[in-house]
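**Q**
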């Protein structure tokens, strides 16, 4: 053929059905060359061929460079459907089919496009198969949808028509109109064998297709009315469950019931919906940069919809779908993104100019009455986006593009080429196959040639996982280890893999393990123990590993090797030989011996765990615990313990850690169960056997407290040998904790007086124990004597003492005498508690105590007495004297708060003797000598150089004068103020204003003029006051007149001028004429003129407010006489009801 052209729409429609049916089977040469011709194609010239070759080579070069760039590593690849796109453009230009508006893609390479002029063009393998333009009068094709097997096609039009087509030949099977021609069709889809349609009124319709008696029919029913909320998006999960979205909420319709959930975000943004491909109970919805997953639960008649997860996006989503098992998002920036790790790597599709649904046809048939919801749905929604067979087909103005996920191996190769090793390794670890293993081999070779890549810990972890996944142990230990063993991150990655148990199925050789241990001991010593415990014994050379760990001081690894060979008992025996008595841990340093490792090994053994804390099988745990207990208590009598048992070694190294281990182990077997108490008793006897030989007091105290607690709680059986041993241990351990443990042993059972007397004699030089025994025996005086023999009593001792004294004082007279004797000593211990006990009972002795005790304790004692209201007389004077000595700053506050508590004369004498001088004026005023108090204040002000102190003292003097002046004679008060003004260099303005009431004005002003700043302040104050009063007067007059003007306006043209003259007081009607003012006041003209005194030409003013009055005069009309109202008359009112008919209507 010379001419090649696409067939016109009319030619296809004019052809008969037989030709249309056989169109896919016809040979292209049998078609009419004129009707079905394509544009002419001339033979290329030599220059065009050469230029084409150059372009192809340049394109190849660009593609190669593109693979090296990060963009080539995208998870998505784009394919442009050139043939279909070219035929669509030709149909638009030559056949007046209009621009493409809708797209639907089916299986077996089927594709149908709808146009703005109502044409349908169906393609198979990018070849045009049939065209339909029989519905051009129904407006644009707004939506298309293939069914599941792609045998039927639904097409919706702008004017509301929905047609069902046979997809192979394009035969119209059914025609359906929803609700007349008012609403257009916004979207159609399939739900099983039925159809779903969304119209531009926001209603959702169900279309059921049937064929009774061979006649095709369709029945429609409204599932959701737009009157309840205009639906703008829908997604069907199956034939029973449908998800709808309005601008405000998400609605689930199932089985005639509905449930909703309110959406978040701006109301003018289009929501999008899509059911999850992996879980049919999950619905994904997005709106305005907010994407959320919703969980749907249907139980009987209940529908539950709740949010699971909510994330924020970088742009508003316009379409959601699933590509290759991943959620795909097309956003407002015309970027396609895959949710997950590749979300930050979008695919830009703006160059295709995507086609959006248009709202023009919605307003065309409704005279422009389109709601906001429908405008949003029509303008923001994609017109052609369809996912089929894992590929997204997107309709654009330049044609159709197909986007599909890139193959993982291709991406991995691209990542490897571009140097992004971590991403490539992650992709390779996520797939399987022979080809993937070959790629992994090539990758390992490339990494071994560049070992610096493994300096990244994440890359090292991934390369180890890759080798283990594809069973590449040979490449791991031969190639990678030989080339990259100097990289610390790679060595740590191998160690981590061993700890996780990843090397159990591909265990390394003993030589490889030994090399790994040597490197780990250099780079990460903490991993050595866990690696040894994780690897099987066949991968380990115990002798070489033990020698290495002992040389490096890795004692926990030594214990792990011993535990792997001989269990937990073997680990304890092995480590006991390497514990040093001169360990630096006792001095607060780091343990360099095997002591800490021994404690850890014993804890694992007693808990029934294996090496490095690995869990043992349940059947092996009881025997492991039993062997651990035997090994723990093994001593020199057996000849196998190295001279000392592991328990003794632990206690001598760190008694506190050993005791904590025993406390934790006491909750589990072998210390729980039928033999639990016997095993605890064995441990207690073993501890007491060597505890007396411990050189450190703290170690003996730890054992003593542990065993005492066990005995008191009933965890240990009552064994006299153990109790006697504990008493003897407490007797040789002199400290507070030991004393308390000893006393708890004495009081754990019923008190025996003979035993207490015996223990009292044994507790020589132990006053803390002796006074408690005396308190129990009732020897109170001796108890107090013993208590005060304690060199440094603790807070607990003092608390116990006062708890003992409080009930004793209330009930025993002899004890009260002893208490008074030891009261000064008690005050030194705790002043507040002593004040609480001595308040009312020893009020007379408090003064002696305050005089006898010196220091802050006496001050605190007096303060507590004052707060309790029990400070008076000599005690108050003694407390004031202590305050003057210890806390002079608090004297003035004490005198001000406790007026009259101390006699003024005595207080003045104390202050003059002890100080401070600042309190003397206060005492002089209390004595009744304000003049002397003022002189003292003036002396203090003259002696200070600080301006703030001088101002403060001047203010204090002013307050003194203000308090004293009203009670003094005027001359004395004036003299007082005059002395204050003379003694103050710069008196404040407030002081002058106070003094003005007692001093002559010239004296006050003379003192003011002596200080320019004070004078200016005084004048400014007076000026402000005068201005304030003037302003207030003006505002008042103005407000009065404004109110009057408003009243006149509200009264409709003014008020009637009646009443009396504002000047003479007589009635206005007596003499005419009358002159009125703006304020509705009036006066006789004579009165107004006479007040002026300057003739008739002078301006008159209101006699009340002073404002100018108009010059015009008026003559008031005589007042009409009042009409007499007749008295009210009485009338009788009778009410009658209308006749009422009965049940038969008869009145």
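Numbering (the numbering used here), first residue to last: 4 to 1150. Idealized CB from N, CA, C, for every residue including glycine.
What would DSSP say about residue 351, mapped onto helix, strand or coil?
**A** For the purposes of this step, residue 351 is taken as the residue at position 348 of the chain shown. Residue state, collapsed to three classes: strand.
**Q** What are the boundary residues of the alpha helix (DSSP H) that includes residue 1073?
**A** For the purposes of this step, residue 1073 is taken as the residue at position 1070 of the chain shown. Segment: none, residue 1073 is in no alpha helix (DSSP H) and carries neither H nor E.
**Q** What alpha helix (DSSP H) runs, 4 residues minimum, are completely inside the stretch 724-801?
**A** 739-749, 756-765, 770-780, 783-790
**Q** Quick one: Cα of residue 123 to Cα of residue 255, how far?
**A** By 1-based counting over the chain shown, the position of residue 123 is 120. By 1-based counting over the chain shown, the position of residue 255 is 252. C-alpha separation (whole angstroms): 33 Å.
**Q** Quick check: residue 117 and residue 102, are their CB atoms within less than 7 Å of each other?
**A** For this step, residue 117 is matched to residue 114 along the chain shown. For this step, residue 102 is matched to residue 99 along the chain shown. No.
**Q** As an exercise, report each continuous alpha helix (DSSP H) stretch of at least 4 residues that is fully enclosed by the stretch 485-547, in chain order.
**A** 491-503, 513-526, 529-537
**Q** To the nearest angstrom, report how far apart residue 935 and residue 888 are at their CA atoms.
**A** To locate residue 935, count along the chain shown from 1; it is residue 932. To locate residue 888, count along the chain shown from 1; it is residue 885. Spanning the two alpha carbons is a distance of roughly 24 Å.
**Q** Note down, in chain order, each residue of its chain lying with its Cβ closer than 8 Å to the Cβ of residue 600, except the 5 sequence neighbours on either side.
**A** Walking along the chain shown from the start, residue 600 turns up at place 597. So the qualifying residues of the chain are 558, 559, 561, 562, 578.
**Q** For residue 80, which residues does DSSP report across the bridge?
**A** Along the chain shown, one-based indexing puts residue 80 at 77. Paired residues: 407.
**Q** Checking the sheet assignment: what are the DSSP bridge partners for residue 916?
**A** In the chain shown, the residue the question calls residue 916 occupies position 913. Its beta-bridge partners do not exist; DSSP assigns none.
**Q** Ignoring anything shorter than 3 residues, give me the beta strand (DSSP E) runs that lie fully in the stretch 139-180, in order along the chain.
**A** Fully enclosed beta strand (DSSP E) runs of no fewer than 3 residues occupy 144-149, 155-160, 164-169, 175-180 of the stretch 139-180, in order along the chain.
**Q** Report back the beta-carbon spacing between residue 203 and residue 187 to the nearest angstrom; my notes put them in contact at under 8 Å.
**A** Locating residue 203 in the chain shown gives position 200, where the first residue counts as 1. Locating residue 187 in the chain shown gives position 184, where the first residue counts as 1. Indeed they touch by this definition, with Cβ atoms about 4 Å apart.
**Q** Considering only residues of the stretch 888-971, which uninterrupted alpha helix (DSSP H) runs meet the minimum length of 4 residues and lie entirely inside it, listed in chain order?
**A** Within the stretch 888-971, the complete alpha helix (DSSP H) runs of at least 4 residues are 894-900, 907-917, 923-930, 933-946, 950-967.
**Q** Going by DSSP, what residues sit across from residue 306 in a beta bridge?
**A** Start at 1 with the first residue of the chain shown, and residue 306 comes out as number 303. DSSP lists 301 as partners of residue 306.
**Q** Starting from the Cα of residue 322, find the closest Cα among 244, 328, 290, 297 and give me that residue.
**A** Numbered from 1 along the chain shown, position 319 holds the residue referred to as residue 322. For the residues 244, 328, 290, 297, the minimum Cα distance to residue 322 belongs to 290.
**Q** Can you name the residues that DSSP bridges to residue 256?
**A** Mapped onto the chain shown, residue 256 falls at position 253. 245, 261, per the DSSP bridge assignment.
**Q** Compute the beta-carbon to beta-carbon distance between residue 876 and residue 850, rounded to the nearest angstrom, for a pair I have assumed lies under 8 Å.
**A** Your numbering for residue 876 matches position 873 in the chain shown. Your numbering for residue 850 matches position 847 in the chain shown. Their Cβ separation, rounded to whole angstroms, is 7 Å, which keeps residue 876 and residue 850 in contact under 8 Å.
**Q** Who are the Cβ neighbours of residue 197 in its own chain at under 8 Å, not counting the five residues just before and after it?
**A** Your numbering for residue 197 matches position 194 in the chain shown. Excluding positions up to five away in sequence, the list reads 209, 210, 211, 212, 242.
**Q** Hey, out of 333, 270, 279, 404, whose CA is closest to residue 86's CA?
**A** Residue numbering aside, residue 86 sits at position 83 when the chain shown is read from its first letter. Measuring from the Cα of residue 86, the nearest candidate turns out to be 404.
**Q** Can you find the residues in the same chain that come closer than 7 Å, C-beta to C-beta, to residue 834, ignoring five residues on each side of it along the sequence?
**A** Walking along the chain shown from the start, residue 834 turns up at place 831. Counting only Cβ-Cβ distances below 7 Å, and skipping sequence neighbours, we find 860, 863, 864, 867.
**Q** Alpha carbon to alpha carbon, how far is residue 271 from residue 334? Give it in angstroms, no decimals.
**A** Taking the chain shown and counting its residues from 1, one reaches residue 334 at position 331. Taking the chain shown and counting its residues from 1, one reaches residue 271 at position 268. Taking the straight line joining both Cα atoms gives about 16 Å.
**Q** Please classify residue 618: does DSSP put it in a helix, a strand, or coil?
**A** Translated into the one-based positions of the chain shown, residue 618 becomes position 615. Reduced to three states, the DSSP call for residue 618 is strand.
**Q** Between which two residues does the beta strand (DSSP E) holding residue 186 run?
**A** Counted from its first residue, the chain shown places residue 186 at position 183. For residue 186, there is no enclosing beta strand (DSSP E), since its DSSP letter is neither H nor E.
**Q** So which of 960, 959, 944 has the shortest CA-CA distance to residue 953?
**A** For the purposes of this step, residue 953 is taken as the residue at position 950 of the chain shown. Nearest neighbour of residue 953 by Cα position, chosen from 960, 959, 944, turns out to be 944.
**Q** Let's test the definition: count the other Cβ atoms within 10 Å of the Cβ of residue 150 and tell me whether it reaches 16, buried, or not, exposed.
**A** For this step, residue 150 is matched to residue 147 along the chain shown. By the 10 Å Cβ count, residue 150 comes out buried.
**Q** Could you give the DSSP three-state label for residue 674: helix, strand or coil?
**A** The residue you call residue 674 lines up with position 671 of the chain shown. Residue 674 falls in the coil class under three-state DSSP.
**Q** Quick one: what's residue 277 bridged to in DSSP?
**A** By one-based count along the chain shown, residue 277 stands at place 274. Residue 277 is bridged to 287.
**Q** Taking 6 Å as the limit between beta carbons, can you name the residues of its chain near residue 588, skipping five residues before and five after?
**A** Indexing the chain shown from 1 puts residue 588 at position 585. Excluding sequence neighbours, residue 588 sits near 594.
**Q** Find out if the Cβ-Cβ distance for the pair residue 941, residue 903 is shorter than 7 Å.
**A** Indexing the chain shown from 1 puts residue 941 at position 938. Indexing the chain shown from 1 puts residue 903 at position 900. No; because the gap between Cβ atoms is not below 7 Å, this pair is not in contact.
**Q** Using 10 angstroms around the beta-carbon of residue 168, count the other beta-carbons present and answer buried if the total reaches 16, otherwise exposed.
**A** Your numbering for residue 168 matches position 165 in the chain shown. Classification for residue 168: buried.
**Q** With a CB to CB cut of under 6 Å and the five nearest residues on each side skipped, what residues in its chain are close to residue 245?
**A** Position 242 of the chain shown, counted from the first residue, corresponds to residue 245. Here the set comprises 239, 256.
**Q** State the CB to CB distance for the pair residue 917 and residue 951, rounded to an integer number of angstroms; the pair is presumed to be in contact (CB under 8 Å).
**A** For the purposes of this step, residue 917 is taken as the residue at position 914 of the chain shown. For the purposes of this step, residue 951 is taken as the residue at position 948 of the chain shown. Between residue 951 and residue 917 the Cβ distance is about 26 Å, and since that is not below 8 Å, they are no contact.
**Q** To the nearest angstrom, how far is it from the Cα of residue 1071 to the Cα of residue 1090?
**A** As a position in the chain shown, residue 1071 is number 1068, starting the count at 1. As a position in the chain shown, residue 1090 is number 1087, starting the count at 1. Those two C-alpha atoms are separated by around 11 Å.
**Q** Tell me whether the stretch 653-660 and the stretch 613-631 touch, counting them as touching only if at least three CB pairs, one residue from each stretch, are closer than 8 Å.
**A** no
**Q** Among 419, 339, 605, whose alpha-carbon lies nearest the alpha-carbon of residue 1?
**A** What is shown of the chain runs 4 to 1150, which leaves residue 1 out entirely.
**Q** To the nearest angstrom, report how far apart residue 125 and residue 250 are at their CA atoms.
**A** Taking the chain shown and counting its residues from 1, one reaches residue 125 at position 122. Taking the chain shown and counting its residues from 1, one reaches residue 250 at position 247. The straight-line gap separating the alpha-carbon atoms of residue 125 and residue 250 is approximately 34 Å.
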